[in-house]
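Numbered according to this note's numbering, the sequence shown terminates at residue 156, and the numbering increases by one at each position without gaps. The beta-carbon is built from N, C-alpha and C at its ideal position, and this holds for glycine as well.
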Amino acid sequence: MTKSFELGNLNHVGVAVPNIEASIEHYRRVFNATDISEIKDLPDQGVKVAFVNLPSGQVELIEPLGENSPIHGFLKRNPLGGQHHICFEVENIYEALEQVYSKGIRVLNQPRIGAHGTLIIFLHPKDMNGTLIELMERPK
Ligand code: CO
């Protein structure tokens with residue numbers, strides 16, 4: 017019997033945007049945000065990301081990278097951009113995967129390294145009240 021896993025902190029909210037540089041400028045101009053990461057290309061995931069750091073977590077700005085980016089469809093439906101996913105921390109991604117899977121939740125990918133350098137999985141929005149959920153292993 018595996019122990020039940022607990023949901024940890026809300027780590028970030030993922031926001032898909034058509035132009036990440038423009039979005040960073042917007043956060044700076046509107047909110048005087050100063051703590052914003054460099055833009056990183058993640059070709060394996062088909063996205064560019066930058067993080068707006070807040071006392072309680074992050075906003076993850078994501079722009080499509082390459083033809084096969086998984087967020088092209090989302091931006092087609094939401095041309096201005098929009099909230100794309102929310103991400104919770106878990107202690108152990110394999111334990112979390114096994115438990116949500118056993119409860120009938122579709123998991124969209126095998127654990128892979130995400131933007132924070134730890135293992136992540138995504139849960140199907142149709143099984144999660146219409147919201148794409150990312151689970152990430154808490155950075156050690
Ligand atoms: Co994310």
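Chain-ordered, the residues whose CB falls short of 5 Å from any heavy atom of ligand 1 come out as GLY30, GLU76, CYS103 and GLU150. The way I'd put it, the stretch 104-120 doesn't touch the stretch 73-89; fewer than three beta-carbon pairs between them come closer than 8 Å.
Annotated as distal: HIS101 and LEU58, with beta-carbon spacing of 7 Å or more. Assignment of GLU111 by DSSP, reduced to helix, strand and coil, places it in the helix class.
Within the same chain, HIS132, GLY133 and THR134 come within 8 Å of PRO155 by CB-CB distance, once the 5 residues on both sides are set aside. Apart from the 5 residues on each side of it in sequence, ARG122 sits with its Cβ closer than 8 Å to the Cβ of LEU139, HIS140, LYS142 and ASP143 in its chain, given in chain order. Where LEU26 is concerned, the enclosing beta strand (DSSP E) starts and stops at 26-32. Between ALA66 and ILE36, the alpha-carbon positions lie close to 8 Å from each other. Boundaries of the beta strand (DSSP E) around GLY98: 98-106. Taking the Cβ atoms as the reference, ILE109 lies roughly 5 Å from GLU153, within the contact range of under 8 Å. Shown here for TYR43: same chain residues with a beta carbon closer than 6 Å to its own, the five before and five after excluded, namely ALA49 and VAL68 in chain order.
Counted as a single uninterrupted DSSP element, the beta strand (DSSP E) harbouring PHE67 occupies residues 63-70.
For LYS142, there is no enclosing alpha helix (DSSP H), as DSSP marks it with neither H nor E.
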